Amino acid sequence: MSTDERASRPSALDDPAILDDEVRLLGRITASSNGAHLVELVHSGALAIYKPDALERPLWDFPPGLGRRELAFRALAEFVGICHVPPIVVRHDLPYGSGTLQAFVDADFDLTYFELVEDQAHHESLAVIAALDIVANNADRKGSHVLLDDEGRLWAIDNALTFHPESKLRTVIWDLAGHPLPTALAARLASLADDLPDDLARLLEPEERRALLQRAMRLVRRGALPPMPEHGRPYPWPPV
């Protein structure tokens with residue numbers, strides 16, 4: 023696809039309603055372990071990522087239904103009001119059956135977190151993503167899961183291994199340890215205890231909700247991103 027063709031396409035990043043459009047399969051993403059496909063939204067020409075439930079790879083430590091965790095991560099990001107997560111919906115009328123459809127991020131895929139963190143201009147956005155990962159207990163924040171779009175916005179993708187009630191945080195975003203929580207983010211996280219939104223609560227089991235609130239309150243009390251733990255396995259593998 024040429025640069026001009028990419029630039030002329032609308033994006034569901036800015037218009038989530040596009041995700042209700044009819045889809046056309048363009049091809050499977052070979053690097054995906056869960057059968058993800060690139061699709062085109064027929065009437066708009068926008069691109070999206072389709073993850074069929076039927077092609078989800080079973081995991082020993084997470085129950086089936088990773089799509090609901092992706093939806094929950096987006097709901098958490100929307101609740102805090104600083105949303106770096108592409109719009110995502112569940113559809114039941116897709117070529118391989120039910121699954122999630124998420125807005126495609128047109129990015130320079132050679133740039134990963136490890137390059138982006140070198141630019142201080144990205145630190146505030148990276149700190150927000152890191153805070154969301156801590157609260158959601160993200161077990162797989164790889165460097166390639168943070169993308170910079172052509173408008174200079176950062177997006178966190180592949181957010182399925184989240185919200186486990188047991189501690190499983192594995193992330194590459196440890197360089198910002200000690201970075202203070204943005205005031206607005208801290209206030210919204212603090213309000214979760216009294217105002218857990220319905221669209222987030224219905225996606226989580228009771229023990230997942232309790233663990234989410236505990237992690238959020240712990241981070242708010244700290245007031246800053248925590249240091250990398252000295253023990254355990256704090257990084258995902260592979261890291262990119």
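Each number in the working numbering corresponds to the 1-based position in the sequence shown with 22 added. Backbone N, C-alpha and C define an ideal beta-carbon position, used for all residues, glycine too. Since we're looking at a predicted model, the values are computed, not measured.
Residue i classed as buried or exposed, judged by whether at least 16 other C-beta atoms fall within 10 angstroms
{"i": "Phe185", "result": "buried"}
{"i": "His144", "result": "buried"}
{"i": "Met23", "result": "Here the model assigns Met23 a pLDDT of 48, short of 50, so the residue's position is not dependable, and the following value carries that caveat. Answer is exposed; the Cβ neighbour count stays below 16."}
{"i": "Trp82", "result": "exposed"}
{"i": "Arg224", "result": "exposed"}
{"i": "Leu226", "result": "buried"}
{"i": "Gly254", "result": "exposed"}
{"i": "Pro249", "result": "exposed"}
{"i": "His114", "result": "exposed"}
{"i": "Pro85", "result": "exposed"}
{"i": "Asp180", "result": "buried"}
Range of the contiguous alpha helix (DSSP H) that encloses residue i
{"i": "Pro228", "result": "Pro228 to Arg244"}
Per-residue DSSP class, three states only, for residue i
{"i": "Ala34", "result": "coil"}
{"i": "His167", "result": "helix"}
{"i": "Leu222", "result": "helix"}
{"i": "Leu265", "result": "No answer is possible for residue 265: the residues shown for the chain start at 23 and end at 262."}
{"i": "Asp83", "result": "coil"}
{"i": "Arg255", "result": "coil"}
{"i": "Ala94", "result": "helix"}
{"i": "Ala53", "result": "coil"}
{"i": "Leu247", "result": "coil"}
Segment limits, beta strand (DSSP E) that includes residue i
{"i": "Ala70", "result": "Leu69 to Pro74"}
{"i": "Leu22", "result": "In the structure as shown, the chain starts at 23 and stops at 262, and residue 22 therefore has no counterpart that could be examined."}
{"i": "Arg46", "result": "Val45 to Arg50"}
**Prompt:** In chain order, which alpha helix (DSSP H) runs of at least 4 residues are fully inside the stretch 96-165?
**Reply:** Segments of the alpha helix (DSSP H) lying fully in the stretch 96-165: 135-138 and 145-158.
**Item:** Cβ pair count under 8 angstroms reaching 3, the stretch 104-123 against the stretch 132-140
**Value:** Touching, no.
**Item:** Stretch pair the stretch 224-242 + the stretch 87-99: three plus CB contacts closer than 8 angstroms
**Value:** Flag = yes, the stretch 224-242 and the stretch 87-99 touch.
**Message:** Suppose only complete runs of 3+ residues qualify. What are the beta strand (DSSP E) ranges in the stretch 173-212, listed by chain order?
**Reply:** Complete beta strand (DSSP E) runs here, min 3: 176-178.
**Request:** Give a yes or no on contact between the stretch 210-226 and the stretch 235-251, applying the rule of three or more CB pairs nearer than 8 angstroms.
**Result:** Segments in contact, yes.
**Asked** If we count Cβ pairs, one from each stretch, closer than 8 angstroms, do we get three or more for the stretch 252-262 versus the stretch 161-175?
**Response** Three or more Cβ pairs closer than 8 angstroms define a contact, and the stretch 252-262 meets that threshold against the stretch 161-175.
**Asked** Does the stretch 191-206 come within contact of the stretch 59-78, defined as at least 3 CB pairs closer than 8 angstroms?
**Response** No, they do not touch.
**Prompt:** For the stretch 68-78 against the stretch 139-157, are there 3 or more C-beta pairs whose distance is under 8 angstroms?
**Reply:** By the Cβ criterion, the stretch 68-78 is not in contact with the stretch 139-157, since fewer than three pairs of Cβ atoms, one from each stretch, lie closer than 8 angstroms.
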